[in-house]
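Trainee: Shown below is the structure under consideration.
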Amino acid sequence: MPITYTSGEQVEVYRFNWPITIGVPATALFLQAWLPRYFPAFAMLDLPLLVTIFFAISRRNPVSGLLTGGAIGVFQDALTSLPIGINGISKTVVGYAASSLGVRLDVENAGARLLVTVVFCVVNKIVYFVVAHLLVNLTVQWSWPHELWSALINAIVGVFLFFALDRFKQRT
Amino acid sequence: MESVLGRYKNLIVLVGVLFAQVLGLAVQVKRTTDTQSSRLIRIWAVDSVTPFEKMLNWMHGGSWNLWHNYIYLRGVRAENRGLKAEIERLRLEQVRLNEDAAQARRLQALFAFKEQFISQTVAAQVIGSGGSEQSRIIYIDKGESSGLKPDMAVITVDGIVGKILRVFRSTSQVLLIDDQSSGVGGILETTRLQGIVRGTRSGEVVLEHIMTDNPVQAGELVRTSGGDRIFPKGLPVGTVTRVGNGPDLFLSILIRPAANLNKLEEVLVVTKLVEQEPNQLETGPVRAADILAQRLPSVPDKPATNDATKGTDSPAPSAPVAKKPAEAASTPIAPTPPKAIQKISPGQQSASSPKPGSPAVKPTGSAPGALKPATEKSPPPAPIQVLDPTGSAPKPKPVAPPADATQPAQPQDGPQ
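Each protein sequence line maps, in turn, to chains A and B.
Note that the numbering used here gives residue 121 to position 121 of the first sequence, counting from 1, and the numbers run on in steps of one.
Whatever position you read off the second sequence (first residue = 1), add 172 for the numbering used here.
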């Protein structure tokens, strides 16, 4: 499908009520902190990132997307032992980019969502690596196979998660 | 101006938010040396998540206890019987180990060495994790109100787990030893080489700063060296699984942690360490025979050996000792006795009274002549009578102890 520029009237923009806007990210943060205790492999997933991408491509508002991503990332950092702001910066960039892309692309079908999620997972990791290594001087190792596999697994989980969250959309 | 702001509004907001976050990072990085205080956002985030984790953990524990303690009771009686037998075996082993410890303390006292002893611990339950591969931490349900402070050691019965990183009101953050920012002083048990145990990005645990010309083999135990002043010396860290060449002139030693860091449920926080010279005076030596004399009533006597013991006036110490040669070969104590023998120098051991209760201790040269079966009366006949199932008159040739036949010069029978 060719990528064409579409105006705001042609692309559907959705909104969410306040309980969903706050409850879904909070639940994602809680599950990300609690589930790895019983399923250590769950640490490879990034539920807050998937929620950031979903809200960004649904609202199609760059300001709203970057603020949502920043808030989710900051709270995610607060639950780790790392300085607060690393995930905040990376998810701010992802939120802005996803919402900007959502204005131009129709990402309602599963294939587009899978591809978009893979790309933004890799972007999130790259920004995270740059910030952690250059700004905070953390020892962060990069492995392309590991990051690509992680992005693919997150994208597959994200497709199902997005379809589950579609029921909470409200047309503006 | 308005058109520029309107046109690039989104980009301006993005730059503003990123700048604010970078500024926040800069402030934090500048103050990382202060571990006593925490940022308010961190306290809010932890306080908003940990109550739900505690509640879910309580519900999970309650349902597990209900199932395990009231519904799933199969094999409890048999397990109880087996556990009691295990307790008895361990008490016997403890006697031997106490001797080794007393010997070590006497030597340490000679050199005025001071040891760190764990004098107080607080048990805590694991309620959550950091949720990130880059930060391997866990949360426990004890905090400042329980007397916890940063840099306290966290351990389990299997080995060390990590150290307290941050303390909140009723929760604490624990940095695991497989985190890349963690560092523990380690020492190889056999070669006594000291290094630093660190975590890697992938969650593995490695021992660093061991030169390549030092012999290190897979299977060696790694313990804490006490050099980091956080963990007391001697706690198990893990086992060497792979040795290879690392950067520069150092080895790359991979360790499997002794504690299962992926399935932690309960941990102990060391809240108090006492540094003192080891005491020379220990409680009086406890004989294994005395422990066996306190045999638990629910553990059934083994019919084959017990029937023979009841035939004569066997003094309590000698009867159980007579069974030792047959049992010693089957007990798992067998691998460790050689070490015990090496630690206890024969010259010193012979100065003290020999311990009939410890089968591994074979005092050499301590009047072996008195234990020869040629002396038919008093002590030697007792073991012979013990092993004769028919209870007939004592005979000079022992039937039961085939171990004696293979080791004729070793006085394993009876107290002296």
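Every residue gets a Cβ at the ideal spot worked out from N, C-alpha and C, and that includes glycine.
Note that this is a predicted model, so its numbers are computed, not measured.
(1) How long is the line joining the alpha carbons of B:Gly302 and A:Ala41, rounded to whole angstroms?
(2) Which of helix, strand or coil does DSSP assign to A:Thr27?
(3) Show which residues of chain A have a CB atom less than 8 Å away from the CB atom of B:Glu376.
(4) Taking contact to mean at least 3 C-beta pairs separated by less than 8 Å, is the segment 309 to 329 of chain B in contact with the segment 415 to 423 of chain B?
(5) Would you call the CB atoms of A:Tyr128 and A:Asn154 closer than 9 Å?
(6) B:Arg268 to B:Arg261, Cα distance in whole Å?
(7) Which residue spans inside the segment 98 to 135 of chain A form an unbroken alpha helix (DSSP H) run of at least 4?
(8) Quick one: list the residues of chain B neighbouring A:Pro40, beta-carbon separation under 8 Å, in chain order.
(9) Under the DSSP definition of a beta bridge, which residues are partnered with B:Glu438?
(10) Checking contacts by CB at 9 Å: is B:Ile427 closer than that to chain A?
(11) At the level of alpha carbons, what is the spacing between A:Thr117 and A:Pro48?
(12) By the 7 Å beta-carbon criterion, what residues does the segment 322 to 341 of chain B contribute toward chain A?
(13) Examine the Cβ distances between the segment 154 to 166 of chain A and the segment 109 to 116 of chain A and report whether three or more of them are shorter than 8 Å.
(14) Grab me the residues of B:Val394's own chain with a C-beta within less than 8 Å of its C-beta, minus the 5 sequence neighbours each way, in chain order.
(15) Applying the 10 Å Cβ sphere with the 16-neighbour rule, what's the burial state of A:Asp46?
(16) Taking the continuous alpha helix (DSSP H) assigned at A:Gly65, which residues delimit it?
(17) Let's see if you can read the secondary structure: which residues bound the beta strand (DSSP E) around B:Gly371?
(18) How about B:Glu316: is its C-beta nearer than 9 Å to some C-beta of chain A?
(19) May I ask you to report which of helix, strand or coil DSSP gives B:Met324?
(20) Quick one: which residues of the segment 26 to 38 of chain A get their C-beta closer than 9 Å to a C-beta of chain B? List them in chain order.
(21) How long is the line joining the alpha carbons of B:Gly233 and B:Ile336, rounded to whole angstroms?
(22) In whole angstroms, give me the CA-to-CA distance for B:Asp400 and B:Val356.
(23) Are the beta-carbon atoms of B:Gly331 and B:Ser353 separated by less than 9 Å?
(24) Under DSSP, the alpha helix (DSSP H) around A:Pro48 begins and ends at which residues?
(25) May I ask you to report which of helix, strand or coil DSSP gives B:Glu447?
(26) Buried or exposed, going by whether 16 or more other CB atoms sit within 10 Å of the CB of A:Lys125?
(27) Does any residue of chain A bring its CB to less than 9 Å from the CB of B:Arg179?
(28) Leaving out the 5 sequence neighbours to the left and right, which residues in its chain are closer than 8 Å to B:Glu438 when beta-carbon positions are compared?
(29) Per DSSP, what kind of secondary structure is B:Phe422 in: helix, strand or coil?
(30) Does the beta-carbon distance from A:Phe37 to B:Ile243 come in below 9 Å?
(31) Closer than 7 Å by beta-carbon distance: list the chain A residues that pair up with B:Glu225, in chain order.
(32) Which word fits A:Pro19, buried or exposed, when buried means at least 16 other C-beta atoms lie within 10 angstroms of its C-beta?
(33) Got a sec: is the Cβ-Cβ distance from A:Thr52 to anything in chain B below 9 Å?
(34) Answer yes or no: do B:Leu445 and B:Ile349 have a C-beta to C-beta separation smaller than 9 Å?
(35) If B:Thr343 sits next to B:Val442, beta carbons under 8 Å apart, how far is it from one beta carbon to the other, in whole angstroms?
(36) Excluding the five sequence neighbours on either side, which residues of its own chain have a C-beta within less than 6 Å of the C-beta of A:Ala151, listed in chain order?
Mentor: By the coordinates alone:
(1) 13 Å
(2) helix
(3) Here the premise fails: no neighbours, minimum Cβ distance about 11 Å.
(4) no
(5) no
(6) 11 Å
(7) 110 to 130
(8) Asn434
(9) B:Gln297
(10) no
(11) 13 Å
(12) Leu337
(13) yes
(14) Gly358, Ile359, Leu360, Glu361, Val369, Leu379, Pro408, Val409, Gly410, Thr411, Val412 and Ile427
(15) buried
(16) Pro62 to Ala78
(17) Gln366 to Gly371
(18) no
(19) coil
(20) Ala26, Leu29, Phe30, Leu31, Gln32, Ala33, Trp34, Leu35, Pro36, Arg37 and Tyr38
(21) 24 Å
(22) 6 Å
(23) no
(24) Leu47 to Arg59
(25) strand
(26) buried
(27) no
(28) Ala295, Ala296, Gln297, Val298 and Thr328
(29) strand
(30) It should be pointed out that residue 37 of chain A corresponds to Arg in this sequence rather than to Phe. Result no, Cβ atoms of A:Arg37 and B:Ile243 do not sit closer than 9 Å.
(31) Trp34
(32) exposed
(33) no
(34) no
(35) Rounded, the Cβ-Cβ distance is 18 Å, inconsistent with contact.
(36) Val118, Cys121 and Val122
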